[in-house]
Structures are given as structure tokens and as C-alpha cells.
């Protein structure tokens, strides 16, 4: 359930409209396959609820102010062309830059939207294709000549972090809180702040959301890394004090092995039925 109420601006197609959330224009998809909301700032998928799902698959902060030029807390931010503090602003400029909806295709069983990030010469730096059907498939393609890092910083909506188990990860990870490579349990449960970068040697992660009695599968194709993050009780911008209890980030990433020109990465998100 999408808890923010956008203002209608324009119908683009029977299943597609342009709307506004405070200062941020959003594309709203209302299709037989389900409902999605995408901010043009950052080509940022804010919400995806398949037609058969009782709850949104993505978590979005209930106190997000939707300010132009400010990163949005939740959904799937695109961290590009660098990750964390490898440049300024942190996590790259793509997530605070307006992208263009450059193409869409609709049929009875699928909806596909392609967003393009343009440089100052109006040339494509990157594209993000979102395909919605039985699964949500995100395909990011890097067109810049310089190598670049990427993280599809996916915030998943869970009923209770204390009742959530993450399966499919290796037993070692870089703990970014300490800067050390550490041994970690797999499967992983959560009882404190986690900020860890794993090798993506196993391309599928399973989020067992016991509180909502569902399993979300996340497939990471051509990724080098999977980032797992939950801030726990650490104060976090545009997140309520208890926001951490209902979210878990499992991010499809290319951090240790930057993208080369023309390369693509895919994240495929499925709700087990």
C-alpha cells in the first residue's frame, strides 16, 4: 500500500500517468500486473505492488518530504556513478538528477518503462529499464566512457526486522562499520546495525519475512557485490525512529568491479507464490 498521495498532472497512456509528490514529479503505473510509482528524480522506483501481493514489496519512509535535489529515503535509489563517499555528493549524482522517461511498452501481461540519464550535452550516460510482470526486472546500462560504480540500493518492506532471515549470502563480508573483512553467519538474522558488502558469488538472495508470511527473492545478475544494510536505532535522515524495524536493504551492486562502457546489471525481484 502506497501511503503518500500524489497530485494528478497528465495521463500518458490508459495505464500510465504523470503525477506530483510535493516537489517531485512521479510516473504512476496502474496496470493489470500491479501498481508502481517511479520518481523522475533518480529514476527512483518508490513502490511496486504486484496485483497478487497484499503489501508493497518496497519500503518508503512515511516521513519522506520529497524535496527536489534531496535523496529520497526508501524504494530503490540508483547510487551511480560512485558508491558511498568515493565522490561528492555521496552515492553519486544520479539519484538527485532528473531522468527522462524515454520509452514505454505495454501489453496485457507486462509493462516496461525505460528511463535515461542525460549529460550536459543531452547524451545518454546511463539507462534504467523497469519491467513489471510476474517479477520486477531492473536493467541498468552504463554508457559513460569512464568506469563507474553502481548500487541499486533496494529497500525491502518487511513486517519486523527481528523476525526476518536473509538466505543465500557467503559467510564472509566487508563490515563497513569497522572496515574489516569478517566472518558472519549465513543465513543471517538481525539484532543490531548492519552495513556489510558481500561478494555476489551466489546470484540469488532470499528474504524470509516471517511477520508478513512471505519470501522475497532478489536475483543479482552481472553484479560483483551485494550490500546489506539496516541502520537499527542510529538516527538516519528522513527516517522515523522506528523506521528500521520494517525495512532491509539488499542491494545489487558493482562496487569492487566497476562497470565498463556498455555493461548492464540486472536486479530481478520476485515474491514467492
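Numbering (this note's numbering), first residue to last: 5 to 277.
All C-beta atoms, glycine included, are put in the ideal place defined by N, C-alpha and C.
Residue ranges of each beta strand (DSSP E) run of no fewer than 3 residues wholly in the stretch 5-32, ordered along the chain? Listed in chain order, the beta strand (DSSP E) runs fully inside the stretch 5-32 are 11-17 and 20-25, counting runs of at least 3 residues.
Buried or exposed by the 16-neighbour rule on C-beta atoms within 10 Å, applied to residue 187: exposed
Just to confirm before moving on: does the CB-CB distance between residue 143 and residue 133 stay below 8 Å? Yes, they are a contact pair.
Helix, strand or coil: how does DSSP classify residue 277 here? coil
Would DSSP call residue 46 helix, strand or coil? coil
Just list the beta strand (DSSP E) runs in the stretch 162-235, keeping only unbroken ones of 3 residues or longer that don't cross its boundaries, in chain order. 168-171, 176-179, 184-187, 198-203, 208-213, 218-225 and 229-234
Helix, strand or coil: which one does DSSP assign to residue 249? helix
Alpha carbon to alpha carbon, how far is residue 39 from residue 51? Taking the straight line from one Cα to the other gives about 8 Å.
Cα-Cα separation between residue 266 and residue 146, rounded to whole angstroms: 5 Å
When 70, 245, 114 and 32 are compared against residue 99, the one with the closest alpha-carbon: 70
Measure the alpha-carbon distance for residue 24 versus residue 54 and round it to whole angstroms. So the two alpha carbons sit approximately 22 Å from each other.
Could you compute how far the alpha carbon of residue 235 sits from the alpha carbon of residue 201? 14 Å
From residue 261 to residue 228, what does the alpha carbon distance come to, in whole angstroms? Approximately 6 Å between the Cα atoms of the pair.
Between which two residues does the beta strand (DSSP E) carrying residue 153 extend? 152-156 is the extent of the beta strand (DSSP E) around residue 153.
If distances are taken between C-alpha atoms only, which option among 82, 47 and 165 comes closest to residue 117? 47
Three or more C-beta pairs under 8 Å: does that hold for the stretch 239-255 against the stretch 125-139? no
What does a CB cutoff of less than 7 Å around residue 137 pick up in its chain, not counting 5 residues either side in sequence? 37, 113 and 114
Given this structure, state the Cα-to-Cα distance separating residue 268 from residue 226, to the nearest angstrom. 7 Å
Can you give the Cα-Cα distance for residue 199 and residue 60, rounded to whole angstroms? 24 Å
Same chain, Cβ closer than 6 Å to residue 85, neighbours up to 5 away in sequence not counted: 96 and 152
Residue 140 versus residue 72 - alpha carbon distance: 26 Å
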